[in-house]
Amino acid sequence: MSERRLQLEDKFMLRLPDGLRTKIKAEAKANMRSMNAEILVHLIRVFGGAPVSGAPESPTN
44 MSERRLQLED KFMLRLPDGL RTKIKAEAKA NMRSMNAEIL VHLIRVFGGA
94 PVSGAPESPT N
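Read in order, the letters of the sequence shown correspond to residues 44 to 104 in my numbering.
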């Protein structure tokens, strides 16, 4: 990974409630994504941001 890319990304340690890691892992596998990518998809849906490659479109109201 390039030094420039590392400067653009922020690392964050997170404690997950019991069982949530297992759910994220299963969902990521079903969507053929890494756990990190799966978490990013959901965070971007909630908070907005750049679209994630391979993410299903969110329903419109």
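Yeah, the Cβ is synthetic: ideal placement off N, Cα and C, and Gly gets one too.
Keep in mind that this is a model prediction, so the values were computed, not measured.
Just to confirm, are M78 and K68 a CB contact at a threshold of 8 Å?
-> Cβ distance < 8 Å, so M78 and K68 count as in contact.
When the Cα atoms are used, what is the spatial distance from K66 to L86?
-> Pairing K66 with L86, the inter-Cα distance amounts to about 15 Å.
Count the other C-beta atoms from every protein chain shown that fall within 10 angstroms of the C-beta of V84, then say buried if there are 16 or more, exposed otherwise.
-> With 16 or more Cβ atoms within 10 Å of its Cβ, V84 is classed as buried.
With distances taken from CA atoms, which of I82, V89, D53, G92 is nearest E70?
-> The residue with the shortest Cα to Cα distance from E70 is I82.
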